[in-house]
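Right, one structure below, let's go through it.
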Amino acid sequence: MERYARQEAFYGVGEAGQKKLLASRVTVIGLGALGSASANLLARAGVGFLRLVDRDFVEYSNLQRQMLYREKDAEEAVPKAAAAAEILGGINSEITIEPVIADVNGGNISALIEDVDLVIDATDNVETRRLLGEACHAMKKPWIYGGALAACGMTMNILPEEDAPCFQCLFDNQETGGETCATAGVLGMVTSIVASIQCTEALKILVGSPDVRRTLLAFDLWTGEFDEMEAVKKPDCPLCVREEYVYYGKGAGSRSVSLCGRDAVQVVPDAPARIDFDEMAGEWQRCGKVEKKKYTLDLDLGGLGIKLFADGRAIIRGTSDTAKARSVYAEYVGL
Ligand SMILES: [Zn+2]
Numbered sequence: 109m110e111r112y113a114r115q116e117a118f119y120g121v122g123e124a125g126q127k128k129l130l131a132s133r134v135t136v137i138g139l140g141a142l143g144s145a146s147a148n149l150l151a152r153a154g155v156g157f158l159r160l161v162d163r164d165f166v167e168y169s170n171l172q173r174q175m176l177y178r179e180k181d182a183e184e185a186v187p188k189a190a191a192a193a194e195i196l197g198g199i200n201s202e203i204t205i206e207p208v209i210a211d212v213n214g215g216n217i218s219a220l221i222e223d224v225d226l227v228i229d230a231t232d233n234v235e236t237r238r239l240l241g242e243a244c245h246a247m248k249k250p251w252i253y254g255g256a257l258a259a260c261g262m263t264m265n266i267l268p269e270e271d272a273p274c275f276q277c278l279f280d281n282q283e284t285g286g287e288t289c290a291t292a293g294v295l296g297m298v299t300s301i302v303a304s305i306q307c308t309e310a311l312k313i314l315v316g317s318p319d320v321r322r323t324l325l326a327f328d329l330w331t332g333e334f335d336e337m338e339a340v341k342k343p344d345c346p347l348c349v350r351e352e353y354v355y356y357g358k359g360a361g362s363r364s365v366s367l368c369g370r371d372a373v374q375v376v377p378d379a380p381a382r383i384d385f386d387e388m389a390g391e392w393q394r395c396g397k398v399e400k401k402k403y404t405l406d407l408d409l410g411g412l413g414i415k416l417f418a419d420g421r422a423i424i425r426g427t428s429d430t431a432k433a434r435s436v437y438a439e440y441v442g443l
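Structure, rendered in structure tokens:
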């Protein structure tokens, strides 16, 4: 147990707390800047089971802030969940790491969180976060919200307690106002701090500390302003009071979403499929340059490209028009 000696020596954890961490199970949703930092911290801290979920693959523009990945991961366009699991497996081989390369949606969220003690929110979009909030409310799981944009970070614990506010109590249906990490940018220092705070709170919750934070924390690292705001439950909250679910329990459904700042669209088929890469590669041969990789089959059509996963999900690059991406998908994958 020498590995955790410094953490055990800390009064808030101790030997008993470390045992609890080793017996704990956590899901991290999203493995971008926030998620890769969280996965790194939690694996090193000895959280016994980590499920790491992400739908995307590593790109060069990720390396500035997504702490786990290397140039070769971007060069080979490795799925983030696979790259993260491989790297963290070499850092702590005594814990169980389960990589999940998938889009998180109404069809799979329950399976991703039903057997864990806590969920770390490291999503990059409002819709997935709302789904996560609804699922955690329904399944009474604590989750830790984290967000970062430019030099600003925000985080809050959402606890499954009768009088505790949920995410909807604070943010209602408010969208982010159009600014994204692609337009406003984001600093790796900010995402690292948000993830550090999320993981500290995760440790407190997992060891049963009375010091779990009940406020919304927001800061601007550039101007140096730090703010702690009281979080209050809304008496008519549509989620934690009226229990109206917009996303949870609705199934996956066929859908296509434009990926933030990427000039790419993800298309998810109605139901997961089993794609035979060799057969598909044969069909694609006459259309463009085909490359079979470990987790994907790639088709280069010149201006457009298709990255097809074995479950039928695809990322169409070279367009942010979802209708166009769907027609490309229908033409070449046809599910
Ligand atoms: Zn609420």
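Numbered per our numbering, the sequence shown spans residues 109 to 443. C-beta: ideal position from N, C-alpha, C; glycine also.
For the segment 226-289, the continuous alpha helix (DSSP H) assignments of 4+ residues that do not extend past its boundaries occur at 234-247 and 275-279, in sequence order. Under the Cβ criterion (8 Å, minimum of three pairs), the segment 166-176 counts as touching the segment 134-147. The shortest C-alpha to C-alpha distance from I305 to any of G156, L150 and W392 is the one to L150. Ranked by Cα distance from V340, the options D280, I414 and V134 are led by D280. The DSSP-derived three-state label of F118 is coil. Comparing C-alpha distances from L267 to each of V298, G316 and G198 shows the shortest one belongs to G316. For ligand 1, a non-hydrogen atom lies closer than 7 Å to the CB of P273. Straight through space, the alpha carbons of F327 and K400 are spaced by roughly 44 Å. The DSSP assignment places complete beta strand (DSSP E) segments of no fewer than 3 residues inside the segment 178-225 at 204-209, in order along the chain. Sixteen is the threshold: since fewer than 16 other Cβ atoms of the shown chains lie within 10 Å of the Cβ of G411, the residue is exposed. For I137, the enclosing beta strand (DSSP E) starts and ends at R133 to I137. When secondary structure is reduced to three states using DSSP, E333 falls in the strand class. For T323, the closest C-alpha among the options P343, I414, L226 and T263 is that of T263. Assignment of beta-bridge partners to L405 by DSSP yields K400 and L416.
Between the segment 416-429 and the segment 375-388 there are three or more inter-stretch CB-CB distances shorter than 8 Å, so the stretches are counted as touching.
Between the beta-carbon of I228 and that of I252 there is about 6 Å, and that keeps the pair under the 8 Å contact cut.
With contacts defined as CB atoms closer than 8 Å, P207 and A189 qualify as a contacting pair. A distance criterion of 7 Å places the beta-carbon of K128 beyond contact range of ligand 1, judged by its closest non-hydrogen atom.
Taken from the Cβ of C345, at least one heavy atom of ligand 1 lies inside 7 Å. Using a Cβ distance threshold of 8 Å, L347 and Q276 count as a contacting pair. Measuring C-alpha to C-alpha distances from F157 to each of E179, A131 and G241 identifies A131 as the nearest.
Beyond the five residues adjoining it in sequence on each side, I423 comes within less than 6 Å, by CB distance, of A372, Q374 and K415 in the same chain, given in chain order. Here T427 carries a coil assignment [DSSP, helix/strand/coil].
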